[in-house]
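Asker: In full-length UniProt numbering, the protein residues as written are 369 to 655. The following block contains the structure, expressed as structure tokens.
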Ligand code: C2E
Ligand code: MG
Ligand code: MG
């Protein structure tokens, strides 16, 4: 970036920047080994349906346990993975691991729960997402009809044009449940929303902040719920931390909630215990 400023580019290299770029380089080279070294894992966070009063899904969130640095969160490395192209390998690993987990839960029997993964724009554009999903299910001897797979995308990816929309339509026809993550914070053309191949909207947590006391957020969140549902979409509230927020969401008929109040992201073994009793009674129990 500094290069574009020409002759005086050195002025832009402050000590913080050097440290920062060194940090990025360190992350990048460590990330190259993280997959082979088995340092990544998926945590699972429950999604609770307010109407049915039960857990209906889980979102897989990647975690990196580095031998020296300890636990790293996605915000510390996903962007770097995207910029360096490492996201393709990482994304495939996430899908494979999620399918292996689905297969384990499927073998345990019980009600099928939706398992969602986050996908990067890269994965939608490179065009092999559906093939990765299909071959993963095949490897784990699952029929698409036996499982419910969710894909979290961001609003901005929908800007990428017709190829992305085509990919999403194929994924949806195959049976994937498409959710727009952090809805309301990115590019959103309400005109296009009705034509999008999307099943659900996840309200950006910023709009849940200080609800019901923040009247602007109250109005926005209520409007997203009512608009989304009118368009036939499922509405999910993420980052639900307080009983006040929960009461508001119930009052406005929000479909699903996800957040620390319901359950934090948890390691696979803990999620497996949750699956064993079909996620029923979990929420009341955990409160
Ligand atoms: P996201 O998909 O919007 O996931 C929700 C984030 O909010 C997660 O952070 C989750 O731990 C956190 N969260 C959930 N409930 C609460 C709550 O009640 N309060 C607060 N303060 N936070 C809550 P996490 O796991 O650090 O992930 C951050 C982001 O990284 C994700 O946002 C997603 O965009 C990205 N990400 C995570 N896993 C993957 C992955 O496997 N692939 C890709 N491409 N991106 C991922
Ligand atoms: Mg998500
Ligand atoms: Mg989100």
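Note that CB positions come from ideal geometry on N, CA and C, so glycine has one too. Quantities reported herein were computed from a predicted structural model and do not represent experimental measurements.
#1: Is the region 573-582 in contact with the region 522-540, if contact means three or more CB pairs nearer than 8 Å?
#2: Would you mind working out which of 586, 565, 570 sits nearest residue 533, comparing C-alpha positions?
#3: Counting along the chain, where does the beta strand (DSSP E) carrying residue 518 start and finish?
#4: Taking only three categories from DSSP, how would you classify residue 494?
#5: Since I believe residue 413 is in contact with residue 632 (beta carbons under 8 Å), could you give me their beta-carbon distance rounded to a whole number of angstroms?
#6: Reducing DSSP to helix, strand and coil, say where residue 656 ends up.
#7: Starting from residue 550, trace the alpha helix (DSSP H) both ways and give me its first and last residue.
#8: Three Cβ pairs or more, each shorter than 8 Å: is that satisfied between the region 615-622 and the region 597-605?
#9: Measuring only the C-alpha atoms, how far is residue 496 from residue 438?
#10: Please name the residue, chosen from 517, 430, 389, that lies closest to residue 407 on a Cα-to-Cα basis.
#11: Say the cut is 7 Å; is the CB of residue 609 nearer than that to a heavy atom of ligand 3?
#12: If you draw a straight line from the C-alpha of residue 417 to the C-alpha of residue 499, how long is it?
#13: Could you have a look at residue 462 and say whether DSSP puts it in helix, strand or coil?
#14: Looking at ligand 3, does it come within less than 7 Å of residue 577, judged from the CB to the closest heavy atom?
#15: Does the Cβ of residue 427 lie closer than 7 Å to at least one heavy atom of ligand 2?
#16: Per DSSP, which one or two residues make a beta bridge with residue 568?
#17: For the beta strand (DSSP E) holding residue 485, just list the boundary residues, first then last.
#18: Sorry if obvious, but does the Cβ on residue 550 come closer than 7 Å to a heavy atom of ligand 3?
#19: If you reduce the DSSP assignment to three classes, tell me which class residue 650 lands in.
#20: Is residue 453 helix, strand or coil when you go by DSSP?
Answerer: Reading off the structure:
#1: no
#2: 565
#3: 516-522
#4: coil
#5: 7 Å
#6: This structure gives no information on residue 656, because the portion of the chain shown stretches from 369 to 655.
#7: Element bounds for residue 550: not the alpha helix (DSSP H) but the beta strand (DSSP E), 545-551.
#8: yes
#9: 32 Å
#10: 430
#11: no
#12: 30 Å
#13: helix
#14: no
#15: yes
#16: 547, 602
#17: 482-486
#18: yes
#19: helix
#20: coil
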